[in-house]
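J.: Handing you this structure, nothing more for now.
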Amino acid sequence: MILTLSAAGVFVLFSLTIFFHELGHYMTARRLGLKIEVFSIGMGPALLRWKRGGITFRLGAIPFGGYVALPQMEPWAAEDSSGERPEPVAWWKKLLVALSGSAGNFVLAFAIGTVIWLVGKPAAPAEYSSTVGYVEEDSPAWKSGIRPGDNVVAVNGERVANWEQFLMLSSLRHEVALTVQSTGGVWTVRLPTRPAALGMRVVEGLAPRDYCKVLAVSPGSSAERAGVRPGDLIVEFNRRRVFSIRHLIRLVDAARGKKVPMVIQRESRRIEMWVVPRYDPGLKRALIGVQFTTYYVAGEERVHPPPWTQIRRHLTPVIRVVRALLTPTEARQAAAGIGGPFLILWSLWVIIQESFVMALWFTGFLNVNLAVLNLLPIPILDGSHAVYALYEGIARRPVNRRVTETLTYAFYVLLIWVFLTISVRDIRRILRPGSEAPGSGSATGKVERSRAPRPVSE
């Protein structure tokens, strides 16, 4: 039942994204008096078709896309399906229709953002903090002096406000300059990156801050005797602040056999208790007898970002990717991290099983991405029609038909090749996570939570 509801949710949210984009074109074209032949959600053979007011409405069998057939949008007076030539329309009308698809996506993103603003969304520390939660010993980051609790304040001179921005900026180069702030001051260090899952590059040895929320307590363990309960949040261990589960594991192992203080947060109270870590020969490290969930939405923080703030956050990664694609030193890595429809649907499938609110958040992100990418001045995208309309307005004549037809056919072939290439790569990524080094921030690591929440023993 849950899987059925999840599948239905993915279909509805993805279809809404396409529907609002095409609805933007449709409503603007109708308002401005353009001839509309077809309004289609989905591509390929029609599963459902009806005609009303001279317009054919259809639902295509392939859910990857949609279109509104507008013969007057071509730079020349194209014939419609009846063989007639409709009256040409003013260039500014073409411009508005071209831009209205992206406007539709922004409208949906704003509506989704309003819902999230009202109900709130669970937030992991990586969404509002750039604090380092764990550093692997002997890694380049450790050798440079970075420790848990330090804050990454800039990457390559560009300020970051959270771990997601840090990942995005780090994923585009083989070496990054990190500006780090700690109790000892602020310094900059250059560190190499390595290939990671879904095409990202990451700084080796660094992990973000996370919650140490207790999932279960082992019977007869030191933690049970001390009074630890499921739901408690471990915030200090042996007089040191805890920044992540892996950080706590290291602190516990370092105190094996010793009676040490531990501070937990239970609702609004802080409680100090004493535990004795015992060595486990099977795991080859000391334990106190608690389990944590790796489920990233711990719910300790619930934020209510206004819709315009959400849209701005969604815009940041896509603009950076576009900028990286135009930068010779970053273009190859940025292109390797782009995902297609299969990865988008799979990511939405993973997220909706964790949290419907987070699925809404991802859908808002998807709409902003689609809006921006469609405005790129590439033939077959809306941005090219906007450029053609502007040219017509400035030059007082349409773009040469032969030029536009040649570009359109060439980019159709290129689009098919890109779609197939990305789809094959996406399927490999889904079936073999981490097997490729070419991720997105968007993805920002979220899609790696495709596995069910695993308990971590400590």
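Numbering (numbering that gives the first Met the number 0) for the sequence shown: 0 to 457.
All C-beta atoms, glycine included, are put in the ideal place defined by N, C-alpha and C.
Note that this is a predicted model, so its numbers are computed, not measured.
Near R245, which residues of its chain fall below 8 Å by C-beta distance, leaving aside the five closest residues on each side in sequence?
T.: Numbered from its first residue, the sequence shown carries residue 245 at position 246. Cβ neighbours of R245 beyond the five flanking positions: G132, Y133, A206.
J.: Any idea what DSSP makes of L31, helix, strand or coil?
T.: The residue labelled residue 31 in the question sits at position 32 within the sequence shown. L31 falls in the coil class under three-state DSSP.
J.: Please determine, among V356, S169, R396, the residue with the shortest C-alpha to C-alpha distance to V114.
T.: Translated into positions along the sequence shown, residue 114 becomes position 115. For V114, the closest alpha carbon among the candidates V356, S169, R396 is that of V356.
J.: Hey, is the segment 88-98 in contact with the segment 378-388, meaning 3+ C-beta pairs nearer than 8 Å?
T.: yes
J.: In its own chain, which residues sit with a C-beta less than 7 Å from the C-beta of F165, not counting the 5 before and 5 after it?
T.: What you label residue 165 is simply residue 166 of the sequence shown in a count that begins at 1. Contacts found: S129, V151, V154, V159.
J.: Quick check: what's the CA-CA separation for S354 versus Q71?
T.: Taking the sequence shown and counting its residues from 1, the one referred to as residue 354 is at position 355. Taking the sequence shown and counting its residues from 1, the one referred to as residue 71 is at position 72. Going by the C-alpha atoms only, they are around 44 Å apart.
J.: In this structure, what does DSSP give as the bridge partners for Q180?
T.: As a working mapping, residue 180 is identified with position 181 in the sequence shown. Bridge partners of Q180: N150, V185.
J.: Does DSSP put R172 in a helix, in a strand, or in coil?
T.: In the sequence shown, the residue the question calls residue 172 occupies position 173. Correct three-state label for R172: coil.
J.: Going along the chain, which residues of its own chain have a beta-carbon closer than 6 Å to the beta-carbon of A108, five neighbours each way excluded?
T.: As a working note, residue 108 is residue 109 in the sequence shown. Around A108: I310, G363, N366, V367.
J.: Taking 9 Å as the cut-off, decide whether the C-beta atoms of S169 and T192 are in contact.
T.: Along the sequence shown, read from residue 1 onward, the residue named residue 169 stands at position 170. Along the sequence shown, read from residue 1 onward, the residue named residue 192 stands at position 193. Yes, the pair counts as a contact, with Cβ atoms nearer than the cut-off.
J.: Tell me the DSSP secondary structure of I233 in three-state form.
T.: Position 234 of the sequence shown holds residue 233. Look at I233 here: in three-state DSSP terms it is strand.
J.: Extract the residue ranges of the beta strand (DSSP E) inside the segment 200-250, only unbroken runs of 3 or more that lie entirely within it.
T.: 200-202, 205-207, 213-216, 232-236
J.: Curious, which full-length alpha helix (DSSP H) runs of at least 4 residues does the segment 323-410 contain?
T.: Runs of the alpha helix (DSSP H) inside the segment 323-410: 327-335, 340-353, 355-373, 381-394.
J.: Please confirm whether D209 and P124 have their CB atoms less than 9 Å apart.
T.: The sequence position of residue 209 within the sequence shown is 210, counting from 1. The sequence position of residue 124 within the sequence shown is 125, counting from 1. Cβ distance < 9 Å, so D209 and P124 count as in contact.
J.: With a threshold of 8 Å (Cβ to nearest heavy atom), would I248 be considered close to the ligand MN?
T.: Ligands displayed in this structure: none; no statement on the ligand MN is therefore possible.
J.: Out of L22, V213, L369, P85, which has the shortest C-alpha to C-alpha gap to E73?
T.: As a first step, residue 73 must be located in the sequence shown, where it is residue number 74. It is P85.
J.: What whole-angstrom Cβ distance do V37 and A68 have, given they're in contact under 8 Å?
T.: Mapped onto the sequence shown, residue 37 falls at position 38. Mapped onto the sequence shown, residue 68 falls at position 69. The beta carbons of V37 and A68 sit about 4 Å from each other, so the pair counts as a contact at 8 Å.
J.: Mapping DSSP to helix, strand and coil, what is D425?
T.: The sequence position of residue 425 within the sequence shown is 426, counting from 1. Helix at D425.
J.: For the beta strand (DSSP E) that contains L47, what are its first and last residues?
T.: As a position in the sequence shown, residue 47 is number 48, starting the count at 1. Per DSSP, the unbroken beta strand (DSSP E) holding L47 starts and ends at 37-51.
J.: Roughly how many angstroms separate the alpha carbons of V302 and L314, rounded to a whole number?
T.: As a position in the sequence shown, residue 302 is number 303, starting the count at 1. As a position in the sequence shown, residue 314 is number 315, starting the count at 1. V302 and L314: Cα-Cα distance of roughly 19 Å.
J.: At the level of alpha carbons, what is the spacing between G382 and R322?
T.: Translated into positions along the sequence shown, residue 382 becomes position 383. Translated into positions along the sequence shown, residue 322 becomes position 323. Their backbone Cα atoms lie some 16 Å apart in a straight line.
J.: Grab the span of the beta strand (DSSP E) containing V262 for me, first residue to last.
T.: Position 263 of the sequence shown, counting from 1, holds the residue named residue 262. Element bounds for V262: 259-265.
J.: Between the alpha carbons of K258 and L190, how many angstroms are there, rounded?
T.: Residue numbering aside, residue 258 sits at position 259 when the sequence shown is read from its first letter. Residue numbering aside, residue 190 sits at position 191 when the sequence shown is read from its first letter. One C-alpha to the other measures close to 38 Å.
J.: Counting pairs of Cβ atoms below 8 Å between the segment 215-227 and the segment 264-273, do you hit three or more?
T.: yes
J.: Among P229, R146, V241, W345, which has the Cα closest to the Cα of G8?
T.: Counted from its first residue, the sequence shown places residue 8 at position 9. Measuring from the Cα of G8, the nearest candidate turns out to be W345.
J.: At what residue ranges does the segment 263-289 contain a whole run of the beta strand (DSSP E), taking only runs of 3 or more?
T.: Runs found: 268-274, 277-279, 284-286.
J.: Does the beta-carbon of V251 have 16 or more other beta-carbons within 10 angstroms, so that it is buried, or is it exposed?
T.: As a first step, residue 251 is located in the sequence shown; it is residue number 252 there, counting from the start. That one is buried.
J.: Alpha helix (DSSP H) containing V131: first to last residue?
T.: Taking the sequence shown and counting its residues from 1, the one referred to as residue 131 is at position 132. That residue, V131, is in no alpha helix (DSSP H); its beta strand (DSSP E) goes 131-134.
J.: From which residue to which residue does the alpha helix (DSSP H) around V67 run?
T.: Walking along the sequence shown from the start, residue 67 turns up at place 68. Judged by DSSP secondary structure, V67 falls outside any alpha helix (DSSP H) and instead within the beta strand (DSSP E) spanning 54-68.
J.: Could you tell me the boundaries of the beta strand (DSSP E) in which I121 lies?
T.: In the sequence shown, the residue the question calls residue 121 occupies position 122. Per the sequence shown, residue 121 should be read as Pro rather than Ile. Segment 120-122, the beta strand (DSSP E) holding P121.
J.: Between the C-alpha atoms of G23 and L95, what's the straight-line distance to the nearest angstrom?
T.: Locating residue 23 in the sequence shown gives position 24, where the first residue counts as 1. Locating residue 95 in the sequence shown gives position 96, where the first residue counts as 1. Distance between the alpha carbons of G23 and L95 is about 10 Å.
J.: Return helix, strand or coil for E86, following the three-state DSSP convention.
T.: In the sequence shown, residue 86 corresponds to position 87, counting from 1. Of the three classes helix, strand and coil, the one that applies to E86 here is coil, per DSSP.
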